[in-house]
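Visitor: Residue numbers (the numbering used here), protein chains in the order written: chain A, 256 to 673; chain B, 256 to 673.
Ideal placement from N, C-alpha and C gives every residue a C-beta, glycine not left out.
What you are looking at is a predicted structure, and each value in this text was computed from that prediction instead of being measured.
Could you have a look at this structure, given as structure tokens, before my questions?
2 protein chains.
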Amino acid sequence: MTARTPHVVILGGGFGGIRAARALRTAPVRITLIDRTNHHVFQPLLYQVATAGLAGSDIASPIRWMLRHQRNATVLMSEVSAIDPERRVVALDDALPDLEYDYLIAATGARHSYFGHGEWEAHAPGLKSLEDALAIRRRFLIAFELAEKTDDSEERQALLTFVLVGGGPTGVELAGVMQEIARAMRSDFRRTDTRQTRVILLEGGPRVLPSFPESLSKRAHQDLLDLGVEVRVNALVTRVESEAVWIGDERIATRTVFWAAGNEASRIGQSLGARHDRAGRVEVEPDLSVRGHPEIFVIGDLAIVRQDGKQVPAVAPAAMQMGTAAARNIRHDLRGEPRVSFRYRNKGDLATIGRHKAIADFGKFHVTGRLAWWLWLFVHIMYLVGFRNRLSVLLQWAYAYVTYQRGVRLITQESRLC
Amino acid sequence: MTARTPHVVILGGGFGGIRAARALRTAPVRITLIDRTNHHVFQPLLYQVATAGLAGSDIASPIRWMLRHQRNATVLMSEVSAIDPERRVVALDDALPDLEYDYLIAATGARHSYFGHGEWEAHAPGLKSLEDALAIRRRFLIAFELAEKTDDSEERQALLTFVLVGGGPTGVELAGVMQEIARAMRSDFRRTDTRQTRVILLEGGPRVLPSFPESLSKRAHQDLLDLGVEVRVNALVTRVESEAVWIGDERIATRTVFWAAGNEASRIGQSLGARHDRAGRVEVEPDLSVRGHPEIFVIGDLAIVRQDGKQVPAVAPAAMQMGTAAARNIRHDLRGEPRVSFRYRNKGDLATIGRHKAIADFGKFHVTGRLAWWLWLFVHIMYLVGFRNRLSVLLQWAYAYVTYQRGVRLITQESRLC
Numbered sequence: 256m257t258a259r260t261p262h263v264v265i266l267g268g269g270f271g272g273i274r275a276a277r278a279l280r281t282a283p284v285r286i287t288l289i290d291r292t293n294h295h296v297f298q299p300l301l302y303q304v305a306t307a308g309l310a311g312s313d314i315a316s317p318i319r320w321m322l323r324h325q326r327n328a329t330v331l332m333s334e335v336s337a338i339d340p341e342r343r344v345v346a347l348d349d350a351l352p353d354l355e356y357d358y359l360i361a362a363t364g365a366r367h368s369y370f371g372h373g374e375w376e377a378h379a380p381g382l383k384s385l386e387d388a389l390a391i392r393r394r395f396l397i398a399f400e401l402a403e404k405t406d407d408s409e410e411r412q413a414l415l416t417f418v419l420v421g422g423g424p425t426g427v428e429l430a431g432v433m434q435e436i437a438r439a440m441r442s443d444f445r446r447t448d449t450r451q452t453r454v455i456l457l458e459g460g461p462r463v464l465p466s467f468p469e470s471l472s473k474r475a476h477q478d479l480l481d482l483g484v485e486v487r488v489n490a491l492v493t494r495v496e497s498e499a500v501w502i503g504d505e506r507i508a509t510r511t512v513f514w515a516a517g518n519e520a521s522r523i524g525q526s527l528g529a530r531h532d533r534a535g536r537v538e539v540e541p542d543l544s545v546r547g548h549p550e551i552f553v554i555g556d557l558a559i560v561r562q563d564g565k566q567v568p569a570v571a572p573a574a575m576q577m578g579t580a581a582a583r584n585i586r587h588d589l590r591g592e593p594r595v596s597f598r599y600r601n602k603g604d605l606a607t608i609g610r611h612k613a614i615a616d617f618g619k620f621h622v623t624g625r626l627a628w629w630l631w632l633f634v635h636i637m638y639l640v641g642f643r644n645r646l647s648v649l650l651q652w653a654y655a656y657v658t659y660q661r662g663v664r665l666i667t668q669e670s671r672l673c
Numbered sequence: 256m257t258a259r260t261p262h263v264v265i266l267g268g269g270f271g272g273i274r275a276a277r278a279l280r281t282a283p284v285r286i287t288l289i290d291r292t293n294h295h296v297f298q299p300l301l302y303q304v305a306t307a308g309l310a311g312s313d314i315a316s317p318i319r320w321m322l323r324h325q326r327n328a329t330v331l332m333s334e335v336s337a338i339d340p341e342r343r344v345v346a347l348d349d350a351l352p353d354l355e356y357d358y359l360i361a362a363t364g365a366r367h368s369y370f371g372h373g374e375w376e377a378h379a380p381g382l383k384s385l386e387d388a389l390a391i392r393r394r395f396l397i398a399f400e401l402a403e404k405t406d407d408s409e410e411r412q413a414l415l416t417f418v419l420v421g422g423g424p425t426g427v428e429l430a431g432v433m434q435e436i437a438r439a440m441r442s443d444f445r446r447t448d449t450r451q452t453r454v455i456l457l458e459g460g461p462r463v464l465p466s467f468p469e470s471l472s473k474r475a476h477q478d479l480l481d482l483g484v485e486v487r488v489n490a491l492v493t494r495v496e497s498e499a500v501w502i503g504d505e506r507i508a509t510r511t512v513f514w515a516a517g518n519e520a521s522r523i524g525q526s527l528g529a530r531h532d533r534a535g536r537v538e539v540e541p542d543l544s545v546r547g548h549p550e551i552f553v554i555g556d557l558a559i560v561r562q563d564g565k566q567v568p569a570v571a572p573a574a575m576q577m578g579t580a581a582a583r584n585i586r587h588d589l590r591g592e593p594r595v596s597f598r599y600r601n602k603g604d605l606a607t608i609g610r611h612k613a614i615a616d617f618g619k620f621h622v623t624g625r626l627a628w629w630l631w632l633f634v635h636i637m638y639l640v641g642f643r644n645r646l647s648v649l650l651q652w653a654y655a656y657v658t659y660q661r662g663v664r665l666i667t668q669e670s671r672l673c
């Protein structure tokens, strides 16, 4: 490969970044993909890791392994410290020399937003990475261990109270599964009646799953109630402490709060000098490039893309389609062809609530209940990366389905040595 | 259950502790099992977790799940802070009231011994817990990531040099697998030739696997050489630093050292006030009780048991047999029958070196090579706890066997939030 080969730098190994790299497989470019972890995570199933249904490795693959046969791609585990759009240079956190690029694809995604209350994060972790999922699992399981050890019934009830902030898909999925697990664990404890577990889902808006049609929201709400979840809409959290959550003057005693409300784009977007919204998401042109910098593409949860008057949702299929589109426009550039505008094709939205409970929105028709749940299962297994993961997940789900048990209920501590 | 029911406190949920609890299933006692983690670990396969062949959950099960149907057993996740053998009381680290016992079974096992150089631990972690295994995995994989990022060839070679201290089963297994993985990863990297990986096994004594007959040691030594491992016997480590290991005046440049030499019993043994050796292991009577305290049993790696002039080895089958024996003597006490002396029945020793390479010692005859390897595989799958784990492990091993790939090559960081 000569020095003249255009260099494409991709920031982020999520759905968008990986898809972009793959779509440039046969293009006359060299690619450097940078991620601060060594693995791609299948984010839609993170809640299963957080609730001990799957092991981390079931839903993650090493990025360099995924791209091992793509000889024009180099993968570096590193963190970006700065981007200079004028000099077309990315600076990295470690000893690596700066990377000059001809094209930059920014796909670094989003973190949770605490709406200006960053101090809440310590009490109410969110769910975006494998580490997040393991931290949530640890907290969830340790609460039961502590409940089993206390003689104070008030403390025990607070330990058995789990509050989920945010009624989007992640909050709903976590709430449903946590209530199910608590019941399934009842024979494991001697002093604690795990059926006294309270799972409280707080949604600031008027209904759960607000991105779905109203009738499906309603169904999901009822499904949650049937599972024993306490659902509170129009419930704006005003304070989060280590032993309580406040909604105005109302105090809910709890030791375990999880955060699934609001996204905040990674800070990379701001260092591009492009226009962005309060959440840090970058406004892009129809071809997904940044205004004034046609060599910079922004994709996935980091980008604001409007279509038919609505924002394209921050979901995996949209990120993947954007990855493909950005790569296509680079290939068009290199062949001297005009760029193509991005257009999101929504193939349907799915959300699961619990065993045999799910909703699916295909625009023209809706599916709910058992059928939607099996559909959800099928789609997620099909999309899971890699043959091995798929089989392993299938096996564990089959086991869980038959036995009502979760296989991965391990509490691991942070290592003393690292 | 009345207050008069004898209370058996078991410290440690390893092979010995779990087996003792199960053997008291039908005895007229109430049992409290205490472990500082929530899970039992199948230690003989920890090296597979450390080398990304298995997920932590494949070789571990929640202790309370294992004992969920045993109604006379309560499991507490806690740490022992003191034992008062005269008052027959165990004090715990947290807010729990002291536990009075009628019988105490101490089965807290061993940690690595750094022979008075505790400061080496930071540079050379050992392999006893799930956390240890994940820490080793992280270090092992990150070394390759760093090698891929450096432009300094000397540094790269140091990063690709892995030193294992201790030529027992753990050291040998780690060495063999690490060399194999390094080769299998060669297409994942663009700048690093993973075939230049050096795995150096240092054994202080005259031969590797010293607990095996000499002819099998020899075979294992040759197997390691065939895999490309550098084996050094009579090599006593005199210093461990962050960038080197010293053997006298010889300096080996390396960034990654793992420790598999020497055991040191947990400190519990010393707080029993019983006779113990330099490594902290407790001398027990033929019935496994402590002299002067027939109500205290010490089992597993924490106990020194001599038989036919030799020490019973610190292996899983011995710990399990001791667990059964201690429980049996408690049952005999309760029925007014005399106690029975413990007798270790060695069913054979196995060690694996790499694909199709293993050794087996059945006393009267030896097995090596491919047959021993399949035997090792069979025995370990059969012993693995729980149906689900067994199937999952089988699947992953089949996958690894066919593809030469490791499925679990994830680097997870310690959580920011816990």
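Could you check where the alpha helix (DSSP H) with Val427(A) kicks off and where it finishes?
Guide: Position 172 of the first sequence, counted from the first residue, corresponds to residue 427(A). Residues Pro424 to Ala439.
Visitor: Determine whether the Cβ of Glu400(B) lies closer than 8 Å to any Cβ atom of chain A.
Guide: Here the question's residue 400(B) lines up with position 145 in the second sequence. So, interface residue.
Visitor: Give the C-beta separation of Val263(B) and Val284(B) to the nearest angstrom, bearing in mind that I take them to be a contact with Cβ-Cβ under 8 Å.
Guide: Here residue 263(B) refers to the residue found at position 8 of the second sequence. Here residue 284(B) refers to the residue found at position 29 of the second sequence. That pair is a contact at about 5 Å.
Visitor: Round the Cβ separation of Tyr519(B) and Arg366(B) to the nearest angstrom and send it over; I've been treating them as touching at under 8 Å.
Guide: Taking the second sequence and counting its residues from 1, the one referred to as residue 519(B) is at position 264. Taking the second sequence and counting its residues from 1, the one referred to as residue 366(B) is at position 111. According to the sequence provided, residue 519(B) is Glu. The question's Tyr does not apply to it. Confirmed, Cβ separation roughly 5 Å.
Visitor: Is there at least one non-hydrogen atom of the ligand FMN closer than 7 Å to the beta-carbon of Arg393(A)?
Guide: Absence of the ligand FMN from the depicted structure is noted, as is the absence of any ligand whatsoever, leaving it without description.
Visitor: Looking at the structure shown, is Gln303(A) part of a helix, part of a strand, or coil, going by DSSP?
Guide: In the first sequence, counting from the first residue as 1, residue 303(A) sits at position 48. Note: Gln303(A) maps to helix in three-state DSSP.
Visitor: Do the CB positions of Leu482(A) and Gln451(A) come within less than 8 Å of each other?
Guide: Residue mapping note: residue 482(A) aligns to position 227 of the first sequence, counting from 1. Residue mapping note: residue 451(A) aligns to position 196 of the first sequence, counting from 1. Contact: no.
Visitor: Quick check on this structure: which residue in Arg291(A), Thr405(A), Pro352(A) and Arg342(A) has the alpha carbon closest to the alpha carbon of Glu386(A)?
Guide: Stepping through the first sequence from its first residue, residue 386(A) is reached at position 131. When only C-alpha atoms are compared, the closest one is Arg291(A).
Visitor: Return the CA-CA distance between Ile273(B) and Trp629(A), expressed in angstroms with no decimal places.
Guide: The residue given as residue 273(B) occupies position 18 in the second sequence. The residue given as residue 629(A) occupies position 374 in the first sequence. Using only the alpha carbons, I get a separation of about 38 Å.
Visitor: Which residues of chain A have a Cβ atom closer than 8 Å to the Cβ of Phe444(B), listed in chain order?
Guide: Walking along the second sequence from the start, residue 444(B) turns up at place 189. Arg319, listed in chain order.
Visitor: With which residues is Trp514(B) paired in a DSSP beta bridge?
Guide: As a first step, residue 514(B) is located in the second sequence; it is residue number 259 there, counting from the start. Paired residues: Val420(B).
Visitor: Let me know the alpha helix (DSSP H) ranges lying completely inside the region 270 to 357 of chain B, each 4 residues or longer, listed in chain order.
Guide: Listed in chain order, the complete alpha helix (DSSP H) runs (minimum 4 residues) inside the region 270 to 357 of chain B are 270 to 278, 301 to 305 and 318 to 321.
Visitor: Starting from Thr579(A), follow the alpha helix (DSSP H) in both directions and report where the run begins and ends.
Guide: Against the first sequence, residue 579(A) aligns to sequence position 324. Note, Thr579(A): alpha helix (DSSP H), Ala571 to Leu589.
Visitor: Using the Cα positions of Phe552(B) and Arg583(B), report the straight-line distance between them to the nearest angstrom.
Guide: Stepping through the second sequence from its first residue, residue 552(B) is reached at position 297. Stepping through the second sequence from its first residue, residue 583(B) is reached at position 328. Going by the C-alpha atoms only, they are around 11 Å apart.
Visitor: Are the CB atoms of Gly271(B) and Met637(B) within a distance shorter than 8 Å?
Guide: The residue given as residue 637(B) occupies position 382 in the second sequence. The residue given as residue 271(B) occupies position 16 in the second sequence. No; because the gap between Cβ atoms is not below 8 Å, this pair is not in contact.
Visitor: To be precise: take each residue of the region 292 to 313 of chain A, compare its Cβ to all Cβ atoms of chain B, and keep it if any distance is under 7 Å. Which residues remain?
Guide: Correct list: Thr292, Asn293, His294, Ala310, Gly311 and Ser312.
Visitor: Distance, Cα to Cα, Lys565(A) vs Ser472(A)?
Guide: Your numbering for residue 565(A) matches position 310 in the first sequence. Your numbering for residue 472(A) matches position 217 in the first sequence. For Lys565(A) and Ser472(A), the distance between alpha carbons rounds to 19 Å.
Visitor: Does any residue of chain B bring its CB to less than 8 Å from the CB of Asp225(A)?
Guide: Residue numbering for chain A in the displayed model covers 256 to 673; residue 225(A) lies beyond these limits and cannot be assessed.
Visitor: Can you check DSSP and say which residues form a bridge with Ala613(A)?
Guide: Here residue 613(A) is taken as the residue at index 358 of the first sequence, counted from 1. Answer is Thr607(A).
Visitor: Quick check on Asp349(B) - is its C-beta less than 8 Å from some C-beta in chain A?
Guide: For the purposes of this step, residue 349(B) is identified with residue 94 of the second sequence, where counting begins at 1. Judged by the 8 Å Cβ criterion, Asp349(B) is in contact with chain A.
Visitor: Indicate whether at least one CB of chain B lies closer than 8 Å to the CB of Glu592(A).
Guide: By 1-based counting over the first sequence, the position of residue 592(A) is 337. Taking Cβ atoms only, chain B never reaches closer than 8 Å to Glu592(A), which makes this a no.
Visitor: Which residues, in chain order, does the region 327 to 340 of chain B contribute to contact with chain A at a C-beta distance below 7 Å?
Guide: Cβ contacts with chain A: Thr329, Leu331, Met332 and Ser333.
Visitor: Please return the same chain residues whose Cβ sits closer than 8 Å to the Cβ of Ser596(A), not counting the five positions on each side in sequence.
Guide: Counting from 1 along the first sequence, the entry for residue 596(A) is found at position 341. These residues qualify, in order along the chain: Pro541 and Asp542.
Visitor: If you measure between the beta carbons of Gly431(A) and Ile608(A), is that distance less than 8 Å?
Guide: Position 176 of the first sequence, counted from the start, is the residue given in the question as residue 431(A). Position 353 of the first sequence, counted from the start, is the residue given in the question as residue 608(A). Yes; because the gap between Cβ atoms is below 8 Å, this pair is in contact.
Visitor: Give the straight-line distance between the Cα atoms of Arg594(B) and Pro572(B), rounded to the nearest whole angstrom.
Guide: Taking the second sequence and counting its residues from 1, one reaches residue 594(B) at position 339. Taking the second sequence and counting its residues from 1, one reaches residue 572(B) at position 317. Taking the straight line from one Cα to the other gives about 21 Å.
Visitor: Please list, in chain order, the chain B residues whose beta carbon lies closer than 9 Å to that of Glu403(A).
Guide: Walking along the first sequence from the start, residue 403(A) turns up at place 148. Neighbours of Glu403(A) on chain B, chain order: Arg319, Thr329, Val330, Leu331 and Met332.
Visitor: With the cut-off set at 8 Å, would you say Arg239(A) and Glu485(A) are in Cβ contact?
Guide: Any question about residue 239(A) goes unanswered here, given that chain A covers just 256 to 673.
Visitor: Verify whether the separation of the beta carbon atoms of Ile318(B) and Val330(B) is less than 8 Å.
Guide: Within the second sequence, the letter at position 63 stands for residue 318(B). Within the second sequence, the letter at position 75 stands for residue 330(B). Going by C-beta atoms, Ile318(B) is nearer than 8 Å to Val330(B).
Visitor: Taking 8 Å as the threshold (C-beta atoms), are Ala398(B) and Leu382(B) in contact?
Guide: Here residue 382(B) corresponds to residue number 127 of the second sequence, with the count starting at 1. Here residue 398(B) corresponds to residue number 143 of the second sequence, with the count starting at 1. Not closer than 8 Å, so no.
Visitor: With 7 Å as the limit, tell me which residues of the region 378 to 402 of chain B have their beta carbon closer than that to any beta carbon of chain A; keep them in chain order.
Guide: The residues in question are Pro380, Leu385, Glu386, Leu389, Ala390, Arg393, Leu396 and Glu400.
Visitor: Got a sec, what are the start and stop residues for the alpha helix (DSSP H) Ile397(A) sits in?
Guide: Mapped onto the first sequence, residue 397(A) falls at position 142. Start and end: Leu385 to Lys404.
Visitor: Please list the segments of the alpha helix (DSSP H) lying wholly inside the region 482 to 556 of chain A, counting only runs of 4 or more residues, in order along the chain.
Guide: Runs of the alpha helix (DSSP H) inside the region 482 to 556 of chain A: 523 to 526.
Visitor: List, in chain order, every chain B residue whose beta-carbon is nearer than 8 Å to that of Arg610(A).
Guide: Sequence index remark: in the first sequence, residue 610(A) carries index 355 (1-based). Within chain B, no residue comes near Arg610(A); the closest Cβ sits about 18 Å away, beyond 8 Å.
Visitor: Three or more C-beta pairs under 8 Å: does that hold for the region 367 to 380 of chain B against the region 509 to 517 of chain B?
Guide: Yes, since at least three Cβ pairs between the region 367 to 380 of chain B and the region 509 to 517 of chain B fall closer than 8 Å, the two stretches touch.
Visitor: Given that Arg583(B) touches chain A, what residues does it touch there, using C-beta distances under 7 Å?
Guide: Your numbering for residue 583(B) matches position 328 in the second sequence. Ordered by position in chain A, no residue passes the 7 Å Cβ test against Arg583(B), which lies about 25 Å from the chain.
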